[in-house]
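Asker: For the sequence shown, the working numbering assigns the number 26 to the initial residue and increments by one for each residue that follows.
Glycine is no exception: its CB is placed at the ideal position from the N, C-alpha and C atoms.
If you scroll down you'll find the structure; I have some questions about it.
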Amino acid sequence: MQDPPPPIDDYLTLADVVGVYGVKGWVKLRPRLEDTALLTSLSQLYLSWPTGREPVADLEARVEAVRHQGKSLIAKLSTIDDRTAAEALRGCEIRIPASGFPAPDAGEFYWRDLVGLAVWCHEDGNRVLLGTVDRLLETGANDVLVVVPAEKSIDDKEHLIPWIPDSVIREVDLQVGKIEVNWYVDA
């Protein structure tokens, strides 16, 4: 008997199945990771359905091939050999237990690890709390931290801080749960 997948909270979502491609079981994906080639090299992948959609259980999956087709990313999943089977996967997520994903390189961070961290800056010679990271936005120039007010924040405003290592992002300490930034308090 196969072990059940880990709890859903311990998963990373790598891609969403958004459609089908052709008649041989290929699916269109919306990737949630930069290096899409990782999809074919990672093990312990699961197909998860949104809450309330059948079937209830997650299915183990293996991505046999992935390629760009025009502006789309398409993938061939093992055991999915026709358009009907591929269509049944529309809306699924391809997920992996967080423990099965490669650790980031030194000085690099996964977005999910930054969410909830306290963001500190210096204002008039004093160290002040701007808030906590709510989410990150991907923009053309650079990623942006969305910092929302927290208890003891300097103000009650949302701050958008560009992710520019060394010049704006001075220090990230996941153990302590803080990010030090070279930024300013909005007037």
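(1) Any chance the stretch 136-153 sits against the stretch 88-97, with 3 or more Cβ pairs inside 8 Å?
(2) Need the endpoints of the alpha helix (DSSP H) that ASP138 sits in, please.
(3) When you compare each of GLY47, ASP35, ARG115, LYS49 to ARG55 by their alpha carbons, which one comes out closest?
(4) State the CB to CB distance for the pair LEU170 and ILE189, rounded to an integer number of angstroms; the pair is presumed to be in contact (CB under 8 Å).
(5) Measuring alpha carbon to alpha carbon, tell me which of VAL206, ASP41, GLU196, ILE179 ends up nearest ALA100.
(6) Could you give the uninterrupted runs of the beta strand (DSSP E) lying entirely in the stretch 82-156, keeping only those of 3 residues or more?
(7) What three-state label does DSSP hand SER73 in the structure shown?
(8) Would ILE179 pass as a contact of LEU155 if the rule is Cβ separation under 8 Å?
(9) Quick one: is THR104 buried, meaning 16 or more other Cβ sit within 10 Å of its Cβ, or exposed?
(10) List the whole-angstrom C-beta distance separating PRO129 from TYR36, where the pair is believed to meet the contact cut-off of C-beta under 8 Å.
(11) At the level of alpha carbons, what is the spacing between LYS49 and GLU112?
(12) Tell me which same chain residues have a C-beta within less than 6 Å of the C-beta of LEU72, skipping the five on either side of it?
(13) Once DSSP output is grouped into helix, strand and coil, what is the label at THR164?
Answerer: Taking the geometry as given:
(1) Output reads no: the stretch 88-97 does not touch the stretch 136-153.
(2) Stepping through the sequence shown from its first residue, residue 138 is reached at position 113. Segment 136-139, the alpha helix (DSSP H) holding ASP138.
(3) Translated into positions along the sequence shown, residue 55 becomes position 30. If we check each option's Cα against that of ARG55, ARG115 comes out closest.
(4) As a first step, residue 170 is located in the sequence shown; it is residue number 145 there, counting from the start. As a first step, residue 189 is located in the sequence shown; it is residue number 164 there, counting from the start. Actually they are not in contact, since the Cβ atoms of LEU170 and ILE189 sit about 10 Å apart, beyond 8 Å.
(5) Here residue 100 corresponds to residue number 75 of the sequence shown, with the count starting at 1. Looking at the Cα atoms, ASP41 is the closest of the given residues.
(6) 84-86, 88-94, 97-102, 118-122, 143-148
(7) The residue labelled residue 73 in the question sits at position 48 within the sequence shown. DSSP places SER73 in strand when its eight states are reduced to three.
(8) Counting from 1 along the sequence shown, the entry for residue 179 is found at position 154. Counting from 1 along the sequence shown, the entry for residue 155 is found at position 130. Going by C-beta atoms, ILE179 is nearer than 8 Å to LEU155.
(9) Counted from its first residue, the sequence shown places residue 104 at position 79. When all chains shown are included, THR104 counts as exposed.
(10) Locating residue 129 in the sequence shown gives position 104, where the first residue counts as 1. Locating residue 36 in the sequence shown gives position 11, where the first residue counts as 1. That pair is no contact at about 17 Å.
(11) On the sequence shown, residue 49 is found 24 positions in, with the first residue counted as 1. On the sequence shown, residue 112 is found 87 positions in, with the first residue counted as 1. LYS49 and GLU112: Cα-Cα distance of roughly 11 Å.
(12) Locating residue 72 in the sequence shown gives position 47, where the first residue counts as 1. Excluding sequence neighbours, LEU72 sits near LEU84, ALA86, CYS117.
(13) Translated into the one-based positions of the sequence shown, residue 164 becomes position 139. THR164 falls in the coil class under three-state DSSP.
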